[in-house]
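Colleague:
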Amino acid sequence: MEKISLVGTRNLRWREIALNLGVGALRCAVESMPQHSSCQRFEIDFKDMIAMINEPQAWPSFATKLEAIHILQICFPDFKISHIP
């Protein structure tokens, strides 16, 4: 009988959970900022989150959450998000 090895799949679920939490936290931050300033820069330490925002079509399972962030971005004419190592 052939032995099947599933390398790396155990952490897949945790990555998805982390992304969901990160998108939710970013949404809360973006929602609270329009009352403070119209020019905002957001910095995060999660490269996948930046990829999600820059290329939302590549992340269909997060489409609803990313659409909410995109709508909020309209409030900021100079919206920027960058990675902090």
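Reminder that position 45 of the sequence shown reads as 48 in the working numbering, one-by-one numbering, no gaps.
By construction, the Cβ of each residue, glycine as well, lies at the ideal position given by its N, Cα and C atoms.
For the beta strand (DSSP E) holding Ile77, just list the boundary residues, first then last.
Modeller: Element bounds for Ile77: n/a, residue is neither H nor E.
Colleague: Determine the DSSP secondary structure at Glu34, reduced to helix, strand or coil.
Modeller: Glu34: helix per DSSP, three-state reduction.
Colleague: Look at Val33 and Leu75 and say whether their C-beta atoms are less than 8 Å apart.
Modeller: For Val33 and Leu75, yes; Cβs fall inside 8 Å.
Colleague: Going by DSSP, what residue range makes up the beta strand (DSSP E) through Ile87?
Modeller: Note, Ile87: premise wrong, no beta strand (DSSP E); not H, not E.
Colleague: Candidates Ala21, Ile20, Glu19 and Val26: which alpha carbon is nearest His73's?
Modeller: The option with the nearest alpha carbon to His73 is Val26.
Colleague: Would you call the CB atoms of His86 and Ile53 closer than 8 Å?
Modeller: Yes, the Cβ-Cβ distance between His86 and Ile53 is below 8 Å.
Colleague: First and last residue of the beta strand (DSSP E) that includes Glu46?
Modeller: Taken as a continuous stretch (DSSP letters only), the beta strand (DSSP E) holding Glu46 covers Arg44 to Ile47.
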